[in-house]
Amino acid sequence: MDQRQAMSTMLVSAFSRSKELKSRILFLLGALIVYRIGTHVPLPGVDGVALEYYKESLSSGLLGMFNTFTGGALSRMSMFALSVFPYISASILMMVLKIAVPYIKELYQEGSKGQAKVNQYTKYLAVVLSFVQGYGLALSVQGQQVNVAGDVVGLVADQTMFFPLHTALTICASTMFLVWLGERITAKGLYQGMSVLIFAGIIAEMPASILQTIEMNQAGTISGFAILGVIAWVLVMLGFVCFVESSERRLILKNPRAISQAKQGNIDFSNDAYLPFKVNTPGVMPVIFASSVFMGATAGLAMFPEAELAVTLSTMLARGSFMYVALFALTIVIFSYLFASVMFDTKEQAENLRKSGNFIPGIRPGKPTQMYFDYLLTRLTFIGAAYLVLVCVLPEIIGFQSTLALQFSGTSILIMVGVVIGMFDDVKRYIKEQIQSELMSRHSLRKGPRRKVQR
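Be aware that the sequence shown starts at -2, since it is given in this note's numbering, and climbs by one per residue.
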């Protein structure tokens, strides 16, 4: 107990003395404040009074899930209505192009110089996607009308092409600003900036979700037992997600030189190096991309409100429907295998292992190691895909059958847990660096300055 207290005291003391960690936390908080302010800046030309009556349509179904990820920016029709999702879609498309286009694959393999070009092309693609999606969003909003105190009022007074044009330009510029802000958070803050912004949006919408649940309980729509059931469900899902996200399959690695020195008694070989394989290798990317596909389809169908085919497809793909659940699960599985192969190149990993001189006991280096990696990755990806489907689809099934609108989706829980774990790992790393720096300083002081030897 005394050792634990001493360790805790040392960690807290190192945290308080780490200037870099404090600076990163302050920068992160400042960036999030700027982001939250932007989510409340409305797009020019949108009638704020009419929008209040239209918010419910933007806060339900697939658009409701997207609105949660944007921190409510979509329902407020703010300049950050699309958040960083155009850039995420562009990044995913670049990863897909890595498989299909040899030139893109070569860029990924050229190190930092190639990665800089990939980032540049990704931003170009994000500009195009944000403009197109912003233009489509403007067209869908421009044609909407709502009943305000008995009068039919349009959300947008300007029915010319000027409104969708300047709206698309505004959203495009805002999206690229968020991309820049996310990169600054990555460089000067904690964890990955894009994920942190989405995480902040989800957290920001939680008070409204909790307040809505309380109001539904007071109105008799939801019973107290149902609320307790939702809380229990969220706690169980949080524990389950934390367990799986931290689970990995460790492959023990051996090195011929280390083995030779160990036999001579020069090295303690009791602690072997290992190569970790995460159970959920692609992380939350398959879920985000699958959600983006359905959100894009819904937004596209909304542009044709009078077309019979569009109305039929919208009904079939409504959130909670059998078709939506089945296709969503299938899309998650497909993208899980796709991103697992992109994020973990078995051929490259086997070659790097061979060059380092390490090997897996019982597996020959080179092609046999690559085949073993393929074998292991395929089976772990199956487990990871089943886990993602369970977390993301089961709440949809429960909500559909019980008519209970769950306030916390599986996708939100996945993102929140992943970001919290990543930020906590960064904090631990900076504290560890602070402790090591202090130990080295103390060692140099005890050793004293090196004296010159007079001959």
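For glycine and all other residues, C-beta sits at the position ideal for the given N, C-alpha and C.
Own chain partners of residue i with C-beta closer than 7 angstroms, once the 5 adjacent residues on each side are dropped
i: Met456; result: Only positions -2 to 452 of the chain appear in this structure, which leaves residue 456 out of reach.
i: Phe87; result: One point to set straight first is that residue 87 is Ala, not Phe, in the sequence displayed. These residues qualify, in order along the chain: Thr119, Leu122, Ala123 and Leu126.
i: Leu411; result: Val238, Val281, Val284 and Val388
i: Pro273; result: Glu245 and Arg247
i: Met320; result: Met313 and Leu314
i: Phe405; result: Val231
Local Cβ density within 10 Å of residue i, reported as buried at 16 or more and exposed below that
i: Lys95; result: buried
i: Arg73; result: buried
i: Ile325; result: Per the sequence shown, the amino acid found at residue 325 is Phe instead of Ile. Classification of Phe325: buried, given that the 10 Å Cβ count is 16 or more.
i: Met437; result: exposed
i: Met158; result: exposed
i: Leu306; result: exposed
i: Ser75; result: buried
i: Ala78; result: buried
i: Tyr100; result: exposed
i: Tyr51; result: buried
i: Glu242; result: buried
i: Tyr271; result: exposed
i: Ser311; result: buried
i: Ser13; result: exposed
i: Gln156; result: exposed
i: Ser192; result: buried
i: Arg316; result: buried
i: Ser288; result: buried
Within 9 angstroms, strictly: CB atoms of residue i and residue j
i: Ser54; j: Gly68; result: no
i: Thr65; j: Ser409; result: yes
i: Phe370; j: Ala347; result: yes
i: Val388; j: Met203; result: no
i: Gly27; j: Gln189; result: no
i: Ala135; j: Phe174; result: no
i: Val339; j: Met62; result: no
i: Pro41; j: His163; result: yes
i: Ser206; j: Asn214; result: no
i: Gly407; j: Pro392; result: yes
i: Phe128; j: Ala97; result: no
i: Tyr32; j: Leu178; result: yes
i: Phe341; j: Leu250; result: no
i: Ala294; j: Val145; result: no
i: Ile182; j: Gly131; result: no
i: Val330; j: Ile394; result: no
i: Thr328; j: Leu350; result: no
Residue i, DSSP secondary structure in three states
i: Gln112; result: helix
i: Glu393; result: helix
i: Pro99; result: helix
i: Pro204; result: helix
i: Pro39; result: strand
i: Ser75; result: strand
i: Tyr427; result: helix
i: Ser137; result: helix
i: Ala216; result: coil
i: Glu305; result: helix
i: Asn277; result: coil
i: Thr157; result: coil
i: Pro365; result: helix
i: Ala70; result: coil
i: Tyr105; result: helix
i: Asp422; result: helix
i: Asp44; result: coil
i: Ser15; result: coil
i: Leu235; result: helix
i: Asp342; result: coil
i: Arg181; result: helix
i: Arg316; result: coil
i: Gly407; result: helix
Beta-bridge partners of residue i, as assigned by DSSP
i: Ile168; result: Looking at the DSSP assignment, Ile168 forms no beta bridge with any residue, so it has no partner.
i: Phe196; result: Answer is none; Phe196 lacks a bridge partner.
i: Leu272; result: Leu248
i: Val143; result: Val150
i: Phe332; result: Phe332 pairs with nothing; no bridge assigned.
i: Phe356; result: Lys251
Neighbourhood of residue i by C-beta distance below 8 angstroms, restricted to the same chain and skipping five residues each side
i: Ser333; result: Pro279, Pro283, Thr378, Gly381, Ala382 and Leu385
i: Glu103; result: Gly111
i: Leu232; result: none
6 angstroms CB neighbourhood of residue i in its chain, flanking five on each side removed
i: Leu187; result: Arg21, Leu25, Met420 and Asp423
i: Ile89; result: Phe286
i: Gln142; result: Val149 and Gly151
i: Leu18; result: Tyr427
Beta carbon proximity, residue i to chain B, threshold 9 angstroms
i: Lys16; result: In the displayed structure, chain B is absent; only one protein chain is listed.
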